[in-house]
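Visitor: Here it is, the structure, as structure tokens.
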Amino acid sequence: MTVRETIIETQNLTKYFGALAAVDDVSLKIEAGTLHAIIGPNGAGKTTFFNMLSGNLKPTSGKVFYKGMDLTGKPIHRMIHLGIGRSFQITNIFPNLTVHENIRLASQAMEDNNFHFLMDTAKMVRCEERTAEVIERVGLKSQSLLPARALSHGDQRKLELGMILAPDPEVLLLDEPTAGMATDQVPELITLIQEVQRSGTKTVVLVEHNMNVVMSVSDKITVMHQGKVLAEGTPAEIAANHEVQTAYLGGLYDLKV
Ligand SMILES: Nc1ncnc2c1ncn2[C@@H]1O[C@H](COP(=O)(O)OP(=O)(O)OP(=O)(O)O)[C@@H](O)[C@H]1O
Ligand SMILES: [Mg+2]
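Position in the sequence shown (from 1) plus 47 gives the number in the numbering used here.
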């Protein structure tokens, strides 16, 4: 078996909202270059966990390491500069800007003095090239001059993926990227995510409710329940896990993999 490097590690990560332990003592390792899914019922703590990985939320206690560096509670812009990109459960684009402008803004996030009027020419060219490359990558070239609000929900989700890809992150944290999408559009976005992960050897951490998707694309799955890790393993191991079946899946899904 290949031994992979750990890219993200949490140690006893905990977040309280008042008396509620939304994330409760979660220690897990995410291996570089893998697609690692985090599943669990509504309210299990998945988004809260993501928010602590991405710097959107400070943990109550515990630690987050990225490539061995302690990044616990560091702000989000620092995470982006280090190579961690994330999506939100709710689409997070600028509706009145065009597809091109949305991606362009996101790619500028990696350059120094990013919001300077007088960005030097080399940087501008680099941003422009990167913008065109990403638009092509997510399949939105023919719509690049349309305002984002004019896109279908599925295409807005692709645009959002493009915005995360624009600064060329090593890790993508995707919180329900297919939420609200028409069922027939889901496979296309998932294929796109897989391509991005494989071709760029990127690490993808994916929160997803669609079990068929999770079972077919994940290298590893962590199941959360009431803020804690209930189980971890390959799709086959998770499908066969009795505790997961009773606590979460409850026979709702056909888990033959
Ligand atoms: N800002 C907050 N203030 C208070 N409670 C919160 C806050 N954010 C989340 N919670 C609570 O923490 C728990 C975990 O929520 P979280 O959003 O992390 O779950 P989730 O697994 O992402 O759920 P879903 O599948 O519905 O997105 C829930 O009980 C939620 O109500
Ligand atoms: Mg959530």
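Beta carbons: idealized from backbone N, C-alpha and C, even for Gly.
Pairing CB atoms from the region 98-111 with CB atoms from the region 275-289, are three or more of them under 8 Å?
Guide: No, the region 98-111 does not touch the region 275-289.
Visitor: Does ligand 1 have even one heavy atom less than 7 Å from the beta-carbon of residue 149?
Guide: Not so, every heavy atom of ligand 1 lies at least 7 Å from the Cβ.
Visitor: Should residue 237 and residue 132 be called a contact, given that it needs their Cβ atoms to be closer than 8 Å?
Guide: Not in contact: residue 237 and residue 132 (Cβ atoms no closer than 8 Å).
Visitor: Going by other Cβ atoms of all chains shown within 10 Å of its Cβ, with 16 needed for buried, is residue 188 buried or exposed?
Guide: The residue in question, residue 188, is exposed, as its Cβ has fewer than 16 Cβ neighbours within 10 Å.
Visitor: Per the contact definition of three or more C-beta pairs closer than 8 Å, is the region 222-239 in contact with the region 170-182?
Guide: The region 170-182 vs the region 222-239: no contact.
Visitor: Taking residue 60 as the reference, give the member of 52, 104, 78 and 266 with the closest Cα.
Guide: Comparing Cα positions, the closest option is 104.
Visitor: I want to check one thing, is the minimum distance from the CB of residue 93 to the heavy atoms of ligand 2 below 7 Å?
Guide: Result yes, Cβ under 7 Å from ligand 2.
Visitor: In whole angstroms, what is the alpha-carbon distance linking residue 295 and residue 141?
Guide: Answer to the nearest angstrom: the Cα atoms are 36 Å apart.
Visitor: Around the Cβ of residue 303, are there at least 16 other Cβ atoms within 10 angstroms (buried) or fewer (exposed)?
Guide: Bear in mind that a pLDDT of 40 at residue 303, under 50, signals an unreliable position, so the number given afterwards is only what the model happens to contain. When all chains shown are included, residue 303 counts as exposed.
Visitor: Considering only residues of the region 173-251, which uninterrupted beta strand (DSSP E) runs meet the minimum length of 3 residues and lie entirely inside it, listed in chain order?
Guide: Within the region 173-251, the complete beta strand (DSSP E) runs of at least 3 residues are 218-222.
Visitor: Return the Cβ separation of residue 95 and residue 63 in integer angstroms, given the expectation that the two are a contact with Cβ distance under 8 Å.
Guide: That belief does not hold up - the Cβ atoms of residue 95 and residue 63 are roughly 10 Å apart, past 8 Å.
Visitor: How should residue 137 be labelled, buried or exposed, when 16 other C-beta atoms within 10 angstroms of its C-beta is the threshold for buried?
Guide: It is exposed - the Cβ of residue 137 has fewer than 16 other Cβ atoms within 10 Å.
Visitor: Going by alpha carbons, who is nearest to residue 261 out of 272, 286, 214 and 56?
Guide: Among 272, 286, 214 and 56, the Cα nearest to that of residue 261 is on 286.
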